[in-house]
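K.L.:
Counting in the UniProt record's numbering, the sequence shown runs from 1 upward without gaps.
Take a look at the following structure, please.
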Amino acid sequence: MILGLTYQPCHLLGVGDIFCITNTVGFGIDTYDSSFPTKLARHGRLLVRYCSLLSANPIFRKLCKADRDGCINIKSTAFLNDFGPIERGCLCFTCANHS
């Protein structure tokens, strides 16, 4: 309880892209429900966290594998022989164990 108020989670439906998520967290959104990440995955695109923040700057874009949307097209021939982590600097299970 904060200042006599009880906490109630705030849930947002239909928003799943990195830009919208990062911009709505500040408004108190706690959880999201969207088919957007699943639809991207069906087409071989992966959402990445850190690169989406850097990809707006062309200098920093060279440091990450993502496109302007903060996504990696894993079906691209550029990744055929790339056995590094999905996202450099990420310590999550997927990035640590899959390439």
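All residues carry an ideal CB built from backbone N, CA and C; glycine is no exception.
Keep in mind the model is a prediction, meaning the values are calculated, not measured.
1. Ordered along the chain, which non-local residues of its own chain (more than five positions away) have a Cβ less than 7 Å from that of Gly44?
2. Work out the CA separation of Glu87 and Thr24 for me, nearest whole Å.
3. Give the C-beta separation of Asp33 and Leu47 to the nearest angstrom, bearing in mind that I take them to be a contact with Cβ-Cβ under 8 Å.
4. Determine the direct distance from the alpha carbon of Ile21 to that of Pro37, and round the result to whole angstroms.
5. Taking its Cβ as the centre, do 16 or more other Cβ atoms sit within 10 Å of Cys92, making it buried, or is it exposed?
6. Looking at the secondary structure, which residues open and close the alpha helix (DSSP H) in which Ile72 lies?
P.N.:
Reading off the structure:
1. As a position in the sequence shown, residue 44 is number 44, starting the count at 1. Hits under 7 Å: Asn73, Ile74, Lys75.
2. Position 24 of the sequence shown, counting from 1, holds the residue named residue 24. Position 87 of the sequence shown, counting from 1, holds the residue named residue 87. Near 23 Å, if we compare the C-alpha coordinates of Glu87 and Thr24.
3. To locate residue 33, count along the sequence shown from 1; it is residue 33. To locate residue 47, count along the sequence shown from 1; it is residue 47. Not confirmed; about 15 Å, so no contact.
4. Counting from 1 along the sequence shown, the entry for residue 37 is found at position 37. Counting from 1 along the sequence shown, the entry for residue 21 is found at position 21. Rounded to whole angstroms, Pro37 to Ile21 spans 12 Å at the Cα level.
5. Along the sequence shown, one-based indexing puts residue 92 at 92. When all chains shown are included, Cys92 counts as exposed.
6. Here residue 72 corresponds to residue number 72 of the sequence shown, with the count starting at 1. Secondary structure note for Ile72: it is in no alpha helix (DSSP H), and the uninterrupted beta strand (DSSP E) holding it is 71-73.
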